[in-house]
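Student:
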Amino acid sequence: MENAFAEPQTIVLLGGTSEIGRAIVSKLLSASTTTVVLGCRRPGEANPAAFERPGLTVDVASFDAADTASHEQFVASAVERHGDLDVVVLAFGVLGDQAELEANPQAAAEAVHVNYTGAVSASLAAANQLRRQGHGRLVVLSSVAGERVRKANFVYGSSKAGLDGFAQGLADSLHGSGASVLVVRPGFVHSKMTEGHAAAPFATTPAKVADDTVKALRSGRHTVWSPGILRFVFSVLRHVPRGLFRRLPLG
Ligand SMILES: NC(=O)c1ccc[n+]([C@@H]2O[C@H](COP(=O)([O-])OP(=O)(O)OC[C@H]3O[C@@H](n4cnc5c(N)ncnc54)[C@H](OP(=O)(O)O)[C@@H]3O)[C@@H](O)[C@H]2O)c1
208 MENAFAEPQT IVLLGGTSEI GRAIVSKLLS ASTTTVVLGC RRPGEANPAA
258 FERPGLTVDV ASFDAADTAS HEQFVASAVE RHGDLDVVVL AFGVLGDQAE
308 LEANPQAAAE AVHVNYTGAV SASLAAANQL RRQGHGRLVV LSSVAGERVR
358 KANFVYGSSK AGLDGFAQGL ADSLHGSGAS VLVVRPGFVH SKMTEGHAAA
408 PFATTPAKVA DDTVKALRSG RHTVWSPGIL RFVFSVLRHV PRGLFRRLPL
458 G
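Residues in the sequence shown are numbered from 208 upward in steps of one, following this note's numbering.
1) Look at residue 439 and residue 351 and say whether their C-beta atoms are less than 7 Å apart.
2) By Cβ distance, which residues of its chain are closer than 6 Å to residue 265, with the 5 residues on each side in sequence left out?
3) Using 10 angstroms around the beta-carbon of residue 426, count the other beta-carbons present and answer buried if the total reaches 16, otherwise exposed.
4) When you compare the CB positions of residue 346 and residue 267, do they come within less than 7 Å of one another, or not?
5) Which term fits residue 186, buried or exposed, when burial requires 16 or more other beta carbons within 10 angstroms of its beta carbon?
6) Report yes if the CB atom of residue 327 is closer than 7 Å to the CB atom of residue 373, and no otherwise.
7) Under 6 Å Cβ to Cβ from residue 248, same chain only, skipping five residues before and after it: list those, please.
8) Quick check: the stretch 316-333 against the stretch 229-244, are there 3 or more CB pairs under 8 Å?
9) DSSP three-state label for residue 434, please.
10) Just to confirm, are residue 306 and residue 348 a CB contact at a threshold of 7 Å?
11) Going by the C-beta, is residue 421 closer than 6 Å to any heavy atom of ligand 1?
12) When you compare each of 252, 219 and 311 to residue 282 by their alpha carbons, which one comes out closest?
13) Are the beta-carbon atoms of residue 356 and residue 369 separated by less than 7 Å?
14) When burial is assigned at 16 or more other CB atoms within 10 Å of the CB, is residue 288 buried or exposed?
15) List in chain order: all unbroken beta strand (DSSP E) runs of 3+ residues lying wholly within the stretch 315-383.
16) Which residue marks the beginning of the beta strand (DSSP E) containing residue 392, and which one marks its end?
Rendered as structure tokens:
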């Protein structure tokens, strides 16, 4: 259970090799943290040593976002091993190459399955556990790409638009249960996912997204943009007429 300073004991990271997810976990670690569960589709890549320190158990567990049938069991077995979950960070996702995804509908469906269907299933499995406990926070990595979907990455962007809407509804459904959801909307973040891509305006780092996320968790917010200025940028972009929007040089 979180202590009076909102410091979690048990943290679960779904997408255990995600650079943003790991930065959030690192920032959340405190003397109160006893357990970190890294849910990875390739457990051999988890590098638990990066988190290890006295008094902290780092548990690497196999987790495939695409295997939705396994998600409830993944959560149940984490609870069986470690007790209540205080923070669950949903950080898995695939960007893909837009041109390749357009040319290969099956590949596009697989990417959307991970980013949306897999996230719906994993979020519900986690949220149902948090609701039963009567406490705990689910952190959902959405994206500004879902706020106004653009032609340069509309497969990914549409999956994030769906996920963002789902996470907002889930948050409202948990209201009053003691459990809650934080929706995180980063802009362009320098990570494995964006390697080789030209940086977008207001590009940021996993460490900065982690700072913004942990501040938002500690102050009990339901949504955080990273960097914060993107909230204002997108409140304008959201209303730009389509004919103009498609001609904007947004990458
Ligand atoms: N980077 C950005 O600019 C940016 C901006 C906004 C939002 N986001 C979102 O933030 C989250 C974290 O992204 P990141 O920048 O940290 O990227 P990242 O380092 O590439 O992390 C992506 C993670 O997703 C995992 N993953 C992919 N498919 C999976 C599957 N089927 N099952 C389980 N795990 C799977 C990857 O595992 P492997 O290591 O096995 O591939 C990796 O751990 C993602 O949801 C992303 O969409 C990123």
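All C-beta atoms in this analysis are idealised placements derived from N, C-alpha and C, irrespective of residue type, glycine included.
Tutor: This is what the structure holds:
1) Looking up residue 439 in the sequence shown gives position 232. Looking up residue 351 in the sequence shown gives position 144. No, they are not a contact pair.
2) Position 58 of the sequence shown, counted from the start, is the residue given in the question as residue 265. So the qualifying residues of the chain are 243, 255, 258 and 259.
3) Against the sequence shown, residue 426 aligns to sequence position 219. It counts as exposed.
4) Here residue 346 is taken as the residue at index 139 of the sequence shown, counted from 1. Here residue 267 is taken as the residue at index 60 of the sequence shown, counted from 1. Their beta carbons are not under 7 Å apart, which means residue 346 does not touch residue 267 by this criterion.
5) Outside the displayed range of the chain (208 to 458) lies residue 186, so it cannot be described from this structure.
6) Here the question's residue 327 lines up with position 120 in the sequence shown. Here the question's residue 373 lines up with position 166 in the sequence shown. Yes, Cβ-Cβ distance for residue 327 and residue 373 is below 7 Å.
7) Position 41 of the sequence shown, counted from the start, is the residue given in the question as residue 248. Once the five neighbours on either side are set aside, the close Cβ partners of residue 248 are 271.
8) no
9) Counted from its first residue, the sequence shown places residue 434 at position 227. In this structure, residue 434 counts as coil in the three-state DSSP scheme.
10) For the purposes of this step, residue 306 is taken as the residue at position 99 of the sequence shown. For the purposes of this step, residue 348 is taken as the residue at position 141 of the sequence shown. Contact: no.
11) Working through the sequence shown from its first residue, we reach residue 421 at position 214. No, ligand 1 has no heavy atom inside 6 Å of this Cβ.
12) Here residue 282 is taken as the residue at index 75 of the sequence shown, counted from 1. For residue 282, the nearest C-alpha among the options comes from 219.
13) If you number the sequence shown from 1, residue 356 lands on position 149. If you number the sequence shown from 1, residue 369 lands on position 162. No, they are not a contact pair.
14) The residue labelled residue 288 in the question sits at position 81 within the sequence shown. Exposed.
15) 343-348
16) Within the sequence shown, numbered from 1, the residue matching residue 392 stands at position 185. Where residue 392 is concerned, the enclosing beta strand (DSSP E) stretches over 386-393.
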